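Here the structure is laid out as structure tokens; the discussion comes afterwards.
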Amino acid sequence: MKTSKTLITAAVLALLTIPALAQDRGDRADARLDARGERINERLDNKGERIDQRLDNRGDKAEQRLDARGNRVNQKLDAAAEKAAANGNEARAERLDAKGDRIDERLDNRGERREERLDNKGDRIENRLDNRGDRIENRLDKRGDRIDRRVDRRQNRRGT
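This is the structure we're talking about:
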């Protein structure tokens with residue numbers, strides 16, 4: 052009789068702990084999926100930042116090249132304007148100086164537009180990767196919710 056009481060007690064305890072273990076298994080699966088989603092999202096964020104940084108560097112270099120080119124042209128025209136002014140041709144000197152300023156300004160604007168285009172491209176890429184990460188996280192959250200519902204249904208079938 053004593054052994055049957057021990058067996059019955061062990062069986063009752065086992066039946067009482069099964070739902071708790073099943074719920075814990077569902078929570079672990081949900082936590083694992085959440086961690087996976089965060090890792091994926093972080094990896095995509097890092098990728099977007101690297102691409103954006105690369106495009107920023109490209110834009111900066113292009114703008115520097117155009118600035119240097121504009122400065123060289125402007126210096127040549129300034130030297131020609133000084134030479135014309137020294138020879139007494141003030142009108143030509145002013146025209147050459149104005150022309151150098153226009154060319155320099157135009158190249159500066161071109162560099163700024165190019166950098167702005169690359170910034171916009173980087174922002175679009177980063178947004179696309181952010182959206183992709185959000186979709187993946189949502190999909191994993193839904194999978195975790197399905198696991199939780201399945202665990203809850205199993206617990207309800209067992210009568211707890």
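Residue numbering for the sequence shown follows our numbering, starting at 52 and increasing by one per position.
C-beta atoms are modelled at their ideal positions from N, C-alpha and C, and glycine is treated no differently.
From a predicted model like this one, the values you see are computed outputs, not experimental measurements.
TODO: Inspect the CB distances between the segment 73-93 and the segment 190-209 and report whether three or more fall short of 8 Å.
DONE: yes
- [ ] Label residue 166 either buried or exposed according to how many other C-beta atoms from any shown protein chain fall within 10 Å of its C-beta, with 16 as the threshold for buried.
- [x] buried
Open item on the list: Just to confirm before moving on: does the CB-CB distance between residue 155 and residue 121 stay below 7 Å?
Closed with: yes
TODO: Check whether the Cβ atoms of residue 117 and residue 151 sit closer than 7 Å, and answer yes or no.
DONE: no
Open item on the list: Is the beta carbon of residue 97 closer than 7 Å to that of residue 188?
Closed with: no
Open item on the list: Across the segment 100-108 and the segment 170-189, are there enough close Cβ pairs to call them in contact, namely three or more that are closer than 8 Å?
Closed with: yes
Task: Sub-7 Å separation of residue 191 and residue 95 beta-carbons - done: no
Open item on the list: So, under 8 Å CB-CB, residue 149 and residue 135 are touching, yes? Tell me the CB distance rounded to an integer number of Å.
Closed with: Between residue 135 and residue 149 the Cβ distance is about 13 Å, and since that is not below 8 Å, they are no contact.
Open item on the list: Just to confirm before moving on: does the CB-CB distance between residue 236 and residue 195 stay below 7 Å?
Closed with: Missing from the structure shown is residue 236; the chain here goes from 52 to 211 and no further.
Open item on the list: I need the DSSP call for residue 138, collapsed to helix, strand or coil.
Closed with: coil
Open item on the list: Buried or exposed for residue 162, going by 16 or more other Cβ atoms inside 10 Å?
Closed with: buried
Task: From 157, 107, 131, 87, residue whose alpha carbon lies closest to that of residue 119 - done: 157
Open item on the list: I need the straight-line Cα distance from residue 179 to residue 197, nearest angstrom please.
Closed with: 27 Å
- [ ] Assign residue 141 to one of two classes, buried (16 or more other C-beta atoms within 10 Å of its C-beta) or exposed (fewer than that).
- [x] exposed
Open item on the list: Below 8 Å on the Cβ atoms is my contact criterion, and I expect residue 137 with residue 147 to pass it. Report the Cβ-Cβ distance as a whole number of Å.
Closed with: About 13 Å separates the two Cβ atoms, so there is no contact after all.
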